[in-house]
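Participant:
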Amino acid sequence: MTISRLNFAHLPTPIEELPNLSKALNGPRIFVKRDDQTGLAFGGNKTRKLEFLIAEARDQGADTLISGGAMQSNHCRQTAAAAARYGFECKLVLTGVKPQQATANLLLDQLFGAEIITVEDRAFRDEILQKTFDNAITAGKKPYLVPYGGSSPTGAMGYTFAMEEFMKQSVHADWIVFGTSSGGTHAGLVLGQRLFGFKGKVLGISIDEPEEELKSHISDLASGASEKLGERIQFSCNDVLATENYCQAGYGVFGEGEREAIHLFAKHEGLLLDPVYTGRAAAGMIDLIRKGFFKKDETILFWHTGGQPALFADKYSASLL
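Residues 0 to 320 (numbering that gives the first Met the number 0) make up the sequence shown, in order.
(1) According to DSSP, what are the bridge partners of HIS303?
(2) Relative to the C-alpha of GLN129, which residue among THR102, ILE65, GLU88 and GLN77 is closest?
(3) Output the distance between the C-alpha atoms of GLU16 and MET156, rounded to the nearest integer angstrom.
(4) Buried or exposed: which applies to GLU126, given that a residue is buried once 16 or more other Cβ atoms fall within 10 Å of its Cβ?
(5) Entirely within the stretch 224 to 287 and at least 3 residues each: give me those beta strand (DSSP E) ranges in chain order.
(6) I need the DSSP call for LEU220, collapsed to helix, strand or coil.
(7) Which residue's Cα is closest to the Cα of TYR245: SER205, CYS236 and ASP238?
(8) Would you tell me roughly how many angstroms separate the C-alpha atoms of GLY43 and GLY306, rounded to the nearest one?
(9) So, at 6 Å on beta carbons, what are the nonlocal neighbours of LEU213 in its own chain, with the 5 sequence-adjacent residues on each side left out?
(10) Relative to the alpha-carbon of TRP174, which residue among SER181, VAL189 and SER180 has its alpha-carbon at the smallest distance?
(11) Looking only at its own chain, which residues have a Cβ that is under 6 Å from the Cβ of GLU257, when we skip the five neighbours before and after it?
(12) Mind checking whether LEU263 and ILE285 have CB atoms under 9 Å apart?
(13) With a threshold of 16 other CB atoms inside 10 Å of the CB of ASN25, please say whether the residue is buried or exposed.
(14) Can you tell which of PRO11, PHE30 and ARG57 has its C-alpha closest to the C-alpha of ARG4?
(15) Classify PHE41: buried if its beta carbon has 16 or more other beta carbons within 10 angstroms, exposed otherwise.
(16) Are the CB atoms of GLY149 and LYS48 within a distance shorter than 9 Å?
(17) So what's GLN177 in DSSP terms, helix, strand or just coil?
(18) Going by beta carbon distance, what residues of the same chain come within less than 7 Å of GLY154, once the five residues before and after it are set aside?
(19) Nearest to ALA172 by CA position, among THR37, VAL201 and GLU208, is which residue?
(20) What first and last residue would you give for the alpha helix (DSSP H) that runs through ILE65?
(21) What are the start and end residues of each continuous beta strand (DSSP E) run of 3 or more residues lying completely inside the stretch 89 to 144, in chain order?
(22) How far does the beta strand (DSSP E) with SER205 in it extend, from its first residue to its last?
(23) List the endpoints of the continuous alpha helix (DSSP H) containing ILE2.
(24) Could you tell me the distance, in whole angstroms, from the CA atom of GLU163 to the CA atom of LEU228?
(25) So, is the C-beta of LEU271 closer than 9 Å to a C-beta in chain D?
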């Protein structure tokens, strides 16, 4: 079965060893897969998903991309950039209080020409997103709704094939660890694990969702994504590994764990994490290493999903040092 895809990501992304971090933590061997270097507008994991989502939008004859997320959404930044590159109008429904001065991802959204619709109360974001979509149709546009986080069966294709890419790079890993939230990255890796025979474990550190809800959603996404390849594979919650132990503070709340992780990666490896996703995922990984969750002779691949522009948002920059 042919799946439409545009090729604008810089692939394959490199894999680097982090020996100084391993030594500092007295832990197992650690590698990082640099999906912060996918190339589109400072990179990130959403670029892989957008290769399939933008292709689908084109196939459907769309002329406008509509999506939503937090005020400093990495997904929206990459969506706005892809829209600019491929000639779409872009409307973004962003949750939170719009700052007087746009910085970081919000600044970039506007540089790419996206129209920003602000929703202060997250409870109304779905309603406003649908209204924005309906208004575009009324105005004679042909909108395509890019799901939150790019996470749909179509978007998950990006990480199904990312798993194949990783396995071709011949770096052994017992564990793949990353931040999981909207579920598309996680679902794609779970499907790719099944299709391409990865023998290790795929562990998502939840950024904001309860563990059981996350597992259910991801197993459904992975099952739906498999149909895109011609034959449905039925996944269950038992096929998904995730932990909710590091997200109790809530989405985007910058705590001591995230701060320490950002400092450790920066100080020992010259590698930047972001305050929302990779900072929290790395904090979880570091805590698990300290607790002896991983065996000393095992190897961890930390999948870096990008997001560093958020370091420059006023909300976080003042708390980093």
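C-beta atoms are modelled at their ideal positions from N, C-alpha and C, and glycine is treated no differently.
Facilitator: Walking through what the data contain:
(1) Looking at the DSSP assignment, HIS303 forms a beta bridge with ARG33.
(2) Proximity to GLN129 across THR102, ILE65, GLU88 and GLN77 peaks at ILE65, based on C-alpha coordinates.
(3) The alpha-carbon atoms of GLU16 and MET156 are separated by roughly 26 Å.
(4) Residue burial annotation: GLU126 is exposed, with fewer than 16 other C-beta atoms found within 10 angstroms of its C-beta.
(5) Listed in chain order, they are 240 to 242.
(6) DSSP places LEU220 in helix when its eight states are reduced to three.
(7) It is SER205.
(8) A straight line joining the alpha-carbon of GLY43 with that of GLY306 spans about 6 Å.
(9) The residues are SER205 and ALA241.
(10) Residue VAL189 is the option with its Cα nearest to TRP174.
(11) Taken in chain order, the residues that qualify are PRO274, GLY278, ARG279 and ALA282.
(12) Yes, the Cβ-Cβ distance between LEU263 and ILE285 is below 9 Å.
(13) It counts as exposed.
(14) Of PRO11, PHE30 and ARG57, the residue nearest in Cα terms is ARG57.
(15) PHE41 comes out buried.
(16) Yes, the Cβ-Cβ distance between LYS48 and GLY149 is below 9 Å.
(17) Here residue 177 is Phe; the residue named in the question, Gln, does not match the sequence. Correct three-state label for PHE177: strand.
(18) The residues are LYS48, PHE51, LEU52, PRO146 and GLY183.
(19) The candidate whose alpha carbon is nearest that of ALA172 is VAL201.
(20) Counting along the chain, ILE65 falls outside any alpha helix (DSSP H), though it belongs to the beta strand (DSSP E) covering 63 to 69.
(21) Whole beta strand (DSSP E) segments, 3+ residues: 114 to 118 and 142 to 144.
(22) Taken as a continuous stretch (DSSP letters only), the beta strand (DSSP E) holding SER205 covers 200 to 205.
(23) Neither: ILE2 is in no alpha helix (DSSP H) and is coded neither H nor E.
(24) So the alpha carbons of these two residues sit roughly 14 Å apart.
(25) The chain inventory of the structure shown lacks chain D, comprising one protein chain alone.
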